[in-house]
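In the working numbering, the protein residues as written are 914 to 1502.
Let me begin by presenting the structure, written as structure tokens, before commenting on it.
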């Protein structure tokens, strides 16, 4: 019979790591005597990062003595102590390849249900003093698993673990873990996993994404949609950068100009999805070095040309050069359209909300809706300073007039003397949460928001209050997106900058969204480390090529891996946590 060998707890503490402070509860120590287990954790225990650990579905972490023995042999170590792997329960028995999702067990007075395998992150490597551990736990098929607490009660080391019911799907922890993280994703087993009610919602969402990816067939980019949204997207229309001709330049407002880009031979360009963006490269000239920037496509999806619209920023090197120097007939280098902020087909109402130049991607969505002859209710919500700064004013009015069920609110924060209320705008002031609360927006709508971060946070809160769920609210940020650095103590934000010390002499690494290009320095083991040294916002968790949190668009160039990732990323993407540039690269960061 299985047995509870040790109950281990630990409260989060600050630990120094690579010059940063990590707030983590990975250090657990055995306790003696009975200990109460409650819905969210064991008394005396805590988690430092509740986004990735803890909660009702991950209340108790379980690891086996047999895996202790395995790793002692595999790693040649004899220094393990109970709680070494960050687990709450160290157990004899309950092997990962025998325990199934949904199995229920009684220990002492408490009843538990198996909900999911461990989600590997860098902190288990931190505790083990071996950065490889997140990848090794997956590749060696020994992840451990989480319990949900069905009945609260006291437990104590030495008690028997009694199985009281079997999970309905007969899917072991080992199989579930491999089904998500390893390269093979058999459809029948994914469908089986989705039928297991006990499986945690996060893993259900990941398996559903894999199933949706399989349904896309040959269009899918490869990679793992269960771990990264880009894995569900369509393949980029071309690799790297290609030459496009500036067919014409048009002024859209006092501060925004549009460039119409065409193939040099006049052939139609590959269709872009409404809401995607284009990354362009401006060659070095007398005004400055080569610049790489990304701009939303604002023109007709599926048209023969691409339209990008660029706001003149006060200190923007690329926007200044475009406004001052780019003319019809010029050539620009462009990567293929990319991005997952795209209009989802359907019959539900659509909310398109933007501020300032954030109108560009939703203008393309509005065009797509008008061109399709949709009968969906469309809410067009836009905020600008005044008529001089209102880009696409006439164009959007024309498109909205084609929609039988359109609803319009245009907010001018500082209307000019020539701006006509009721014609040019509907409301004085900012487009705000307070206004949205009064509009009677439908709770079954899909909402698309683009604008400054504070604007989107405000509107997201308002839409959530109306009843929209997280899956209904889609956002696109200006510039670099928010970082994910689990457990790292926050520090004062700094704009991206070249790394300290003498410049490197390696390939050029361009961070397109951050507007920074620097030469590679071999002292950085990975592109992730270089980005961190430049204060470029990054997203990561495992740092060993398992979780795909760091997966990033590779707009140009190629990378090499060390170690090789457990599963490769989608085509034209890179896992920056374990890669280095082979040649000049452009990253969507």
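Even glycine gets a Cβ: it sits at the ideal position worked out from N, Cα and C.
So, with DSSP's three-state summary, where would you put residue i?
{"i": "residue 1145", "result": "With a pLDDT of only 48 at residue 1145, under the threshold of 50, the placement of this residue in the model should not be trusted, and no figure is reported."}
{"i": "residue 1495", "result": "coil"}
{"i": "residue 970", "result": "helix"}
{"i": "residue 989", "result": "coil"}
{"i": "residue 1486", "result": "strand"}
{"i": "residue 1381", "result": "coil"}
{"i": "residue 1576", "result": "Because the chain in this structure spans residues 914 to 1502, residue 1576 falls outside the shown range and cannot be described."}
{"i": "residue 1506", "result": "One cannot answer for residue 1506 here, as it falls past the ends of the chain, which runs 914 to 1502."}
{"i": "residue 926", "result": "strand"}
{"i": "residue 1067", "result": "strand"}
{"i": "residue 1023", "result": "strand"}
{"i": "residue 1480", "result": "coil"}
{"i": "residue 1340", "result": "strand"}
{"i": "residue 1389", "result": "strand"}
{"i": "residue 943", "result": "strand"}
{"i": "residue 1290", "result": "coil"}
{"i": "residue 1247", "result": "strand"}
{"i": "residue 1311", "result": "helix"}
{"i": "residue 1236", "result": "helix"}
{"i": "residue 1375", "result": "helix"}
{"i": "residue 1334", "result": "strand"}
{"i": "residue 1005", "result": "strand"}
{"i": "residue 954", "result": "coil"}
{"i": "residue 1028", "result": "strand"}
{"i": "residue 1284", "result": "helix"}
{"i": "residue 1217", "result": "coil"}
Should residue i and residue j be called a contact, given that it needs their Cβ atoms to be closer than 8 Å?
{"i": "residue 1458", "j": "residue 1435", "result": "no"}
{"i": "residue 1211", "j": "residue 1276", "result": "yes"}
{"i": "residue 934", "j": "residue 1402", "result": "yes"}
{"i": "residue 1148", "j": "residue 1484", "result": "yes"}
{"i": "residue 1231", "j": "residue 1172", "result": "no"}
{"i": "residue 1326", "j": "residue 1343", "result": "yes"}
{"i": "residue 1431", "j": "residue 1441", "result": "no"}
{"i": "residue 936", "j": "residue 961", "result": "yes"}
{"i": "residue 1281", "j": "residue 1362", "result": "no"}
{"i": "residue 1419", "j": "residue 1154", "result": "no"}
{"i": "residue 1174", "j": "residue 1218", "result": "yes"}
{"i": "residue 970", "j": "residue 1029", "result": "yes"}
{"i": "residue 1188", "j": "residue 1258", "result": "no"}
{"i": "residue 1034", "j": "residue 1080", "result": "no"}
{"i": "residue 1354", "j": "residue 1293", "result": "no"}
{"i": "residue 1017", "j": "residue 1063", "result": "yes"}
Check the C-beta distance from residue i over to residue j and give it rounded, since I have them as a contact under 8 Å.
{"i": "residue 1288", "j": "residue 1317", "result": "6 Å"}
{"i": "residue 1092", "j": "residue 1108", "result": "With a Cβ gap of about 13 Å, residue 1092 and residue 1108 do not count as contacting."}
{"i": "residue 1010", "j": "residue 1087", "result": "4 Å"}
{"i": "residue 1270", "j": "residue 1295", "result": "So it is not a contact: roughly 11 Å between Cβ atoms."}
{"i": "residue 974", "j": "residue 1059", "result": "6 Å"}
{"i": "residue 1481", "j": "residue 1139", "result": "Not quite, the Cβ-Cβ distance comes to about 14 Å (not below 8 Å), so this is no contact."}
From this set, the options, which residue's C-alpha is nearest residue i's C-alpha?
{"i": "residue 1427", "options": "1097, 1074 and 1500", "result": "1500"}
{"i": "residue 1185", "options": "1179, 1118, 1214 and 1169", "result": "1214"}
{"i": "residue 1075", "options": "1024, 1192, 1471 and 1334", "result": "1024"}
{"i": "residue 1400", "options": "1438, 1384 and 1455", "result": "1455"}
{"i": "residue 1415", "options": "1449, 1461, 1328 and 1433", "result": "1433"}
{"i": "residue 1379", "options": "1390, 1098 and 1358", "result": "1358"}
{"i": "residue 1229", "options": "1253, 1204 and 1243", "result": "1204"}
{"i": "residue 1176", "options": "1293, 1227 and 1158", "result": "1158"}
{"i": "residue 1152", "options": "1192, 1165 and 1161", "result": "1192"}
{"i": "residue 1255", "options": "1270, 1098, 1305 and 1360", "result": "1360"}
{"i": "residue 914", "options": "1020, 965, 988 and 942", "result": "1020"}
{"i": "residue 1037", "options": "976, 1104, 1389 and 932", "result": "976"}
{"i": "residue 963", "options": "920, 925 and 1222", "result": "925"}
{"i": "residue 922", "options": "965, 951 and 996", "result": "996"}
{"i": "residue 1413", "options": "994, 1447, 1098 and 1461", "result": "1447"}
{"i": "residue 1338", "options": "1300, 1424, 1330 and 1367", "result": "1300"}
{"i": "residue 1040", "options": "1057, 953, 1106 and 940", "result": "940"}
{"i": "residue 1465", "options": "1480, 1487 and 1474", "result": "1487"}
{"i": "residue 1538", "options": "958, 1006 and 1490", "result": "Residue 1538 lies beyond the range of the chain shown here (914 to 1502); nothing can be said about it."}
{"i": "residue 1178", "options": "1202, 1113 and 1244", "result": "1244"}
{"i": "residue 930", "options": "1474, 1424 and 1398", "result": "1398"}
{"i": "residue 1369", "options": "1389, 1410, 1309 and 1351", "result": "1389"}
For residue i, decide whether its Cβ has a neighbour in chain C, counting only Cβ atoms nearer than 8 Å.
{"i": "residue 957", "result": "The question asks about chain C, but that chain is absent: this structure has only one protein chain."}
For this session: Return the chain-ordered ranges of every beta strand (DSSP E) run that is complete within the stretch 1425-1471 and spans a minimum of 3 residues.
Result: Those beta strand (DSSP E) runs which fall completely within the stretch 1425-1471 and span 3+ residues are 1429-1432 and 1464-1469.
For this session: Counting only runs of 4+ residues fully inside the stretch 1077-1162, write out the alpha helix (DSSP H) ranges in chain order.
Result: Fully enclosed alpha helix (DSSP H) runs of 4 or longer: 1086-1094, 1100-1107 and 1114-1129.
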